[in-house]
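The structure appears below as structure tokens.
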């Protein structure tokens, strides 16, 4: 048990015994003086006035009624001893009794004043004790520092938050908990402190004893003495690392929701235009076919052939737009993601060239998913071609997959269940965030007009989302790009018993 707790439990009892002891001692003094007075000759009657010491001593008990009782006892003893000595009714007896009564009244007044002061002091002490208990039980770090920056008080929450004990910090500088980059106090803050003004909910960072930084919200208030002079500062600090992380996650979710809505709107617009445009192209292609069958002039035939090839390329573009808009019919089936990657590997090797190394890390167990196989192969081809174009001087492309499970606290906008993740990483040029935020939009491309239409990633986005998954990218200029794909694992899969990797890919900015 701490000493302060013991004192709170036993202090009042000890104080009560002290008061009782003072009163008993005062009564014994009265009795002793009375006995001595009886034993002295009548010529020494002035000695009887010493009995007034009783109520004077009783003042130390700070109890007015007890002092009055002791005074009354002294008055009775004085009357009895003087009457025993034959001084009853004399002027001396009356003077002695009046002196005792006067001293008793004066002692009662002094005891009353002392009692009032004691009650005020007790209330102040109780208030300070309650305030100290509140400070100690607070979840926020409450710190007091003087104007030189030395710690004067350090509560338990400060110990938990910063890792330093009160014994380590009291009397020492506050600087160890402030990151080096923030130790130069802004002039504006110093001016506010000098003017006696505070600062509320100031967001900054602090440093733990082990060296890691964490986000805090701190309030600074001036501490004044009884004359109003600022003698120090009071700091109330709250760890907001979890709150800030939650806010960042919420902003990411809102950003992804807005991006999904924007892409959905673009998909509807692109799908409507592509559908009508595809009908017009079909008519043009039919007439070009008729014209090619009827012409015999070589030059005209050559021109019509080029026109037909151009129309067919336009038709392919409209098909990609229809895929992005999810208006193209699909034939989903249960397929193994490992098999799709393995079967597409030969085509990918021929596509990327010899200056780029293609590496695959496949999960040892089957990863069955339900999707359109040809479209999934198209996604792989589009992403690998994008990776190849980002590495004109050569590099490396890594394809890896595995199982993962999304839980309720995930930041993905998917139903919590088992998924297969597919990561495609390149060591190319990467992209800045402002460009990466638009790469899934139709016709957005960083390539030249001769080398890109801006529909490759938009088509991949439509295929993956139609299969019930998500596709995102993380990219860093000069480092490379990683594409993250999540696809639901089929419930009736032969590989359902395969061990699950619960780490999962990170959801990062898209390319």
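In our numbering, the protein residues as written are -13 to 497.
The C-beta atom is built at its ideal place from N, Cα and C for all residues, glycine as well.
Given the structure is predicted, the values throughout are model-derived calculations rather than measurements.
query                                                                                                                                                                  : result
Is the beta carbon of residue 471 sitting closer than 8 Å to the one on residue 408?                                                                                   : yes
Quick one: what's got a C-beta closer than 8 Å to residue 158's C-beta in the same chain, skipping five residues either side?                                          : 136, 137
Counting only runs of 3+ residues fully inside the segment 71 to 113, write out the beta strand (DSSP E) ranges in chain order.                                        : none
Using the beta-carbon count (16 or more within 10 Å), is residue 38 buried or exposed?                                                                                 : buried
By the 10 Å Cβ neighbour count, where 16 or more other Cβ atoms means buried, how is residue 155 classified, buried or exposed?                                        : buried
Can you list the beta strand (DSSP E) stretches of 3 or more residues lying completely in the segment 340 to 379, in chain order?                                      : 342 to 347, 354 to 357
Just reading off the beta strand (DSSP E) that residue 405 is part of, what are its end residues?                                                                      : 404 to 412
Excluding sequence positions up to five away, which residues of its chain have a Cβ less than 6 Å from the Cβ of residue 47?                                           : 5, 8, 9
Please classify residue 110 as buried or exposed, where buried requires at least 16 other C-beta atoms within 10 Å of its C-beta.                                      : exposed
Within 10 angstroms of the Cβ of residue 366, are there 16 or more other Cβ atoms? Answer buried if so, exposed if not.                                                : buried
Measuring only the C-alpha atoms, how far is residue 389 from residue 446?                                                                                             : 21 Å
By alpha-carbon positions, which one of 25, 3, 23, 40 ends up nearest to residue 12?                                                                                   : 40
Do you know offhand how far residue 381's Cα is from residue 344's?                                                                                                    : 9 Å
Would you check if the distance between the CB atom of residue 410 and the CB atom of residue 385 is smaller than 8 Å?                                                 : yes
Express the C-alpha separation of residue 453 and residue 480 in angstroms, rounding to a whole number.                                                                : Low local confidence applies: a pLDDT of 41 at residue 480 is under 50, so the model's placement there is unreliable, and no value is given.
Per DSSP, which residues does residue 212 bridge with? Please list them.                                                                                               : Answer is none; residue 212 lacks a bridge partner.
List the whole-angstrom C-beta distance separating residue 89 from residue 20, where the pair is believed to meet the contact cut-off of C-beta under 8 Å.             : With 8 Å as the limit, residue 89 and residue 20 do not qualify as a contact, their Cβ atoms being about 16 Å apart.
With distances taken from CA atoms, which of 140, 134, 112, 132 is nearest residue 123?                                                                                : 140
Once the 5 residues before and after residue 466 are set aside, which same chain residues still bring their CB inside 7 Å of it?                                       : 411, 412, 413, 414, 416
Which residues bound the beta strand (DSSP E) around residue 152?                                                                                                      : Careful: residue 152 lies outside any beta strand (DSSP E), inside the alpha helix (DSSP H) at 152 to 155.
Pull up the distance between the alpha-carbon of residue 44 and that of residue 101, whole angstroms please.                                                           : 12 Å
Tell whether a beta-carbon distance below 8 Å holds between residue 318 and residue 374.                                                                               : no
Note down, in chain order, each residue of its chain lying with its Cβ closer than 8 Å to the Cβ of residue 17, except the 5 sequence neighbours on either side.       : 63
From this set, 297, 476, 456, which residue's C-alpha is nearest residue 404's C-alpha?                                                                                : 476
Give the straight-line distance between the Cα atoms of residue 353 and residue 266, rounded to the nearest whole angstrom.                                            : 42 Å
Considering only C-alpha positions, which residue in the set 392, 238, 147 is nearest to residue 423?                                                                  : 238
Closest to residue 557 by C-alpha separation, out of 208, 216, 200, would be which residue?                                                                            : The chain is shown only over -13 to 497; residue 557 falls outside these bounds and no answer can be derived.
Quick one: is residue 50 buried, meaning 16 or more other Cβ sit within 10 Å of its Cβ, or exposed?                                                                    : buried
Quick one: give me the first and last residue of the beta strand (DSSP E) that residue 468 is part of.                                                                 : 466 to 474
Near residue 338, what residues of its chain come up, given a Cβ to Cβ distance below 7 Å and the 5 sequence neighbours on each side ignored?                          : 344, 370, 374, 383
Using CA coordinates, which residue listed in 427, 421, 473, 36 is at the minimum distance from residue 461?                                                           : 421
Count the other CB atoms, across all protein chains shown, that sit within 10 Å of the CB of residue 368; report buried if there are 16 or more and exposed otherwise. : buried
Can you have a look at residue 61 and say buried or exposed, based on whether 16 or more other CB atoms are within 10 angstroms of its CB?                             : buried
If distances are taken between C-alpha atoms only, which option among 195, 96, 214, 190 comes closest to residue 230?                                                  : 190
Here's the rule I'm using: 16 or more other beta-carbon atoms within 10 Å means buried, otherwise exposed. How should residue 276 be labelled?                         : exposed
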